[in-house]
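Everything below concerns the one structure shown next.
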Amino acid sequence: MKMKKTEQLARIGVLFLILVFIVACATTGKKGIEKQTMLDMGISAWNRQGPNAAIHYWSQLKNNQQRETYIGYVDQYKKATKDLDDIVSSPPTKESQYLSAYNTLHKTYASLPATLEIPKPTAKKMSAMASGRTRALLDKYEIDMARNIITQAAERYGESKRTAHLLTEIEILTDSKNKENEINSNLKQIRSTENFYDKIDGYERAIISINKKREELKNRAADENLEESKPISYIDSGLKKKSQRVRLEMERTLRERQYSFKDRIGEEFARVPEGGKLGSMSLKETLAFQKEIKSNIEVAYKEMEAFNRRYPAVIDRKMLKQVEEQKKDLDKKIGQVEAEIRTAADIASRGKPVFPVMIGLFNPEKGGKKGDKRSRPAHLRGTIKTNSHYWWGMVSIPKNKLNDLVITMKDNRPIRVFGENTKSGRRIKNLNDLVNRRYKTGNSWPVLNAGNQLPSAKYFIVVPKGTNPKYEGEAVIYSSFITRVR
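In numbering that gives the first Met the number 0, the protein residues as written are 0 to 485.
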C-alpha cells in the first residue's frame, strides 16, 4: 500500500514538472511572438487602416532606434501628404516648378520601406501628378525622363489606365527612336560607300525604309488611340523630313555626278603627259597623245549618256546641253591642235609644245567667279644645260574679249613671250616681247589683251638659263589679270 502511494506521488511529480515546463515554454513563446510581430502588426495596420493606425504598435517596440525610425515614417508621410494636398489645391504655374515639387514628394514616398503601401487617396493623387508631368515631358520630347517618372510612379502608386496608356506611348516612341538611330547608322554607311551606283541604291533603300517606318508608326498609334499624340506627330514629321532630306541628298549626289562629267571632260582635255614626257615627245607621240585625249573624252561622254538614261528624273537639262556643246567644242579644238601639229611647216623650229597645247576660258578651272576666271593651265618644265629653251602653245580667245595670257614660273628667271615663231631664237631681235613688265607680279609675266596681240592665236615662250638648271612653269588665260592683281 505504501509502495502504491509512493509511485502515485512520483507520477504526480513528473506530471507536475511536465506541466510546469509546458506552461513555461508557452509563456516564453508568447513573449517571443509578441516581440517578433509587433513591427509586422504595425505594418499591417498601416496598410489596412492608414499610417496613424501603426503608431499603436510601433510605439511598443523595445528597440529605441527601430521605434523612432518607424514612427518617423508616419511623420514623414504626414508632412509629404500635407505638401501634396497644398500642391493639389494650388498647383504651381510653371511646369518646371510642378516637376520639381513632384520629384521632391516622390523622393519622400519612395524612401519609405516597400512593405508600407501608399494609401489609395494619396497614391491616386501622386499617380495623377506623375501622369501630368510625364505628359508635359513627352510633349517636349524628353522621352527618357518621362519614362523614368511614369515607370517609378506605376511601381509605387499602382498602374492606372492613364499610366498604362502613357507607358504604351513611351514604348512606341522608344521603338521609333531606336529605329531612327538605325536609319542614321545606315545613312552613315551609305555616305561612306565608294561605289557610286551602290551609294544611290543605298539611298533608295533608305527612303523606302523610312517611309515604311512612318507607316508602321501611324498604324501603331491608331491601334492604341494615340493619333493625337504630340510626340508621335513630332517623330512622324521628323521621319517625313528625313525622307525628304535623303531624297534631296540622293538627287544632289546624282547632279554632282552629272556635273562631274563636265569637269572630267575638261580635265581630260587639259591632261599633261606623265613623268618626263612633257617637252620630250616626238611629233608622232604628241599626235598619239591628242588622239588618246579625244578617245577618253568620248568614253566620258558615253558614260554620261548612259547615266542620263538611268536617272532621267534628276537630269539638269541645261547642264546636259552645256556638256554636249562642250564636247563638240573640245572635239573641234582637238582637231585644230592636230591639224596645227601635222601641217605646220615650221613645227620643228618652234621648240616644245606645252600641254595642253590649247588653253582658254572655254575650259576654266573650277571655282572661278563671273568676271574673274582662269583657264586650266598649260605646263612647261625642263632642265637647261646651255642655251635657252623654246616652247609654244595655242590660245582660244573670242573676239573682243580682253583676256590676258600669264606665264608663271616657280623661280624668278625673266620670261619673254612672242606672237610669232622665234625660229628657236634666231628671229628674236626682229620681234617684240609682248610681256607687259609694268604689271609683272612676282614670277608672273603677263601678256595683256592677248587675243589682239597674238594674231595667229599662238604664243612662243623663251625660257633663259637661271641659277637653277631645272625650271617649271605654267601658262594661264585670265578673264582679267589686272583685276585679280588689284
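Glycine included, each C-beta is placed from N, C-alpha and C at the ideal position.
If you draw a straight line from the C-alpha of residue i to the C-alpha of residue j, how long is it?
{"i": "S43", "j": "D74", "result": "17 angstroms"}
{"i": "V475", "j": "D235", "result": "54 angstroms"}
{"i": "E304", "j": "I199", "result": "17 angstroms"}
{"i": "L282", "j": "V322", "result": "30 angstroms"}
{"i": "R66", "j": "P112", "result": "14 angstroms"}
{"i": "V22", "j": "T36", "result": "Legend: pLDDT at V22 = 41, less than 50; position of this residue unreliable, value from coordinates given subsequently. Taking the straight line joining both Cα atoms gives about 21 angstroms."}
{"i": "Y69", "j": "R213", "result": "53 angstroms"}
{"i": "S479", "j": "R254", "result": "30 angstroms"}
{"i": "G465", "j": "R308", "result": "55 angstroms"}
{"i": "K178", "j": "N218", "result": "15 angstroms"}
{"i": "N411", "j": "R270", "result": "26 angstroms"}
{"i": "L329", "j": "P376", "result": "16 angstroms"}
{"i": "I32", "j": "S126", "result": "Caution is warranted here: a pLDDT of 44 is assigned to I32, below 50, making its placement in the model unreliable, and no coordinate value can be reported."}
{"i": "Y108", "j": "V87", "result": "16 angstroms"}
{"i": "K81", "j": "K187", "result": "54 angstroms"}
{"i": "T92", "j": "L60", "result": "44 angstroms"}
{"i": "L447", "j": "R246", "result": "48 angstroms"}
{"i": "S95", "j": "Y140", "result": "15 angstroms"}
{"i": "I346", "j": "K457", "result": "12 angstroms"}
{"i": "L172", "j": "Y101", "result": "23 angstroms"}
{"i": "T385", "j": "G418", "result": "25 angstroms"}
{"i": "M408", "j": "R251", "result": "39 angstroms"}
{"i": "S99", "j": "E227", "result": "27 angstroms"}
{"i": "D262", "j": "E193", "result": "19 angstroms"}
{"i": "S89", "j": "W45", "result": "28 angstroms"}
{"i": "K486", "j": "K290", "result": "Lying outside 0 to 485, the shown extent of the chain, residue 486 is not represented and no answer is given."}
{"i": "I142", "j": "S191", "result": "31 angstroms"}
{"i": "Y233", "j": "K239", "result": "10 angstroms"}
{"i": "D84", "j": "A221", "result": "37 angstroms"}
Run the CB neighbour count on residue i, radius 10 Å, all protein chains shown included, and call it buried at 16 or more, exposed below.
{"i": "I207", "result": "exposed"}
{"i": "Y196", "result": "exposed"}
{"i": "N402", "result": "buried"}
{"i": "V434", "result": "buried"}
{"i": "N467", "result": "exposed"}
{"i": "H388", "result": "buried"}
{"i": "H105", "result": "buried"}
{"i": "V462", "result": "buried"}
{"i": "R373", "result": "buried"}
{"i": "K469", "result": "exposed"}
{"i": "N420", "result": "buried"}
{"i": "T121", "result": "buried"}
{"i": "A449", "result": "buried"}
{"i": "A344", "result": "exposed"}
{"i": "G12", "result": "Interpretation of G12 is limited by its pLDDT of 48, a score under 50 that renders its predicted location unreliable; the figure taken from the coordinates is listed afterwards. Classification for G12: exposed."}
Excluding the 5 residues preceding and the 5 following residue i in the sequence, name in chain order all residues of the same chain whose CB lies nearer than 7 angstroms to its CB.
{"i": "I406", "result": "I414, V416, W444, I460, G472 and A474"}
{"i": "F306", "result": "R256 and Q257"}
{"i": "V356", "result": "V336, G392 and M393"}
{"i": "I189", "result": "K198, G201, Y202 and A205"}
{"i": "K332", "result": "M357 and S395"}
{"i": "E285", "result": "It is worth fixing the name first, because residue 285 is Thr in this sequence and not Glu. Correct list, in chain order: I340 and P352."}
{"i": "G275", "result": "none"}
{"i": "G41", "result": "A53, Y56, W57 and Y69"}
{"i": "Y477", "result": "R373, N402, D403, V405 and R483"}
Per DSSP, residue i forms a beta bridge with which residues?
{"i": "G131", "result": "G131 is not bridged to any residue."}
{"i": "I476", "result": "L404"}
{"i": "P363", "result": "S374"}
{"i": "Y389", "result": "V461"}
{"i": "T382", "result": "K469"}
{"i": "S443", "result": "T407 and T440"}
{"i": "M357", "result": "M393"}
{"i": "P352", "result": "W391"}
{"i": "K368", "result": "D371"}
{"i": "V416", "result": "I460"}
Please return the same chain residues whose Cβ sits closer than 8 angstroms to the Cβ of residue i, not counting the five positions on each side in sequence.
{"i": "I149", "result": "A129, S130, T133, T162, L165, L166 and I169"}
{"i": "T27", "result": "Confidence at T27 is low in this model, with a pLDDT of 42, below 50, so the placement of that residue is unreliable and no value is reported for it."}
{"i": "E267", "result": "I292, N295, I296 and A299"}
{"i": "G237", "result": "E179"}
Please list, in chain order, all residues of the same chain as residue i whose beta carbon is under 6 angstroms from its beta carbon, the five residues on each side excluded.
{"i": "G265", "result": "N362"}
{"i": "W390", "result": "G350, K351, V353, L379 and I460"}
{"i": "K368", "result": "none"}
{"i": "L137", "result": "A145 and P230"}
{"i": "P50", "result": "V73 and Y76"}
{"i": "E223", "result": "T167"}
Just to confirm, does residue i get its C-beta within under 8 angstroms of one of the non-hydrogen atoms of the ligand MG?
{"i": "T167", "result": "Within the structure as shown, the ligand MG is missing, as the structure has no ligands at all."}
Requested in this report: Ignoring anything shorter than 3 residues or poking outside the stretch 55-134, list the beta strand (DSSP E) runs there in chain order.
Outcome: Within the stretch 55-134, there are no complete beta strand (DSSP E) runs of at least 3 residues.
**Report entry** Entirely enclosed alpha helix (DSSP H) segments - the stretch 215-299, minimum 4 residues
**Finding:** Qualifying alpha helix (DSSP H) stretches, in chain order: 229-268.
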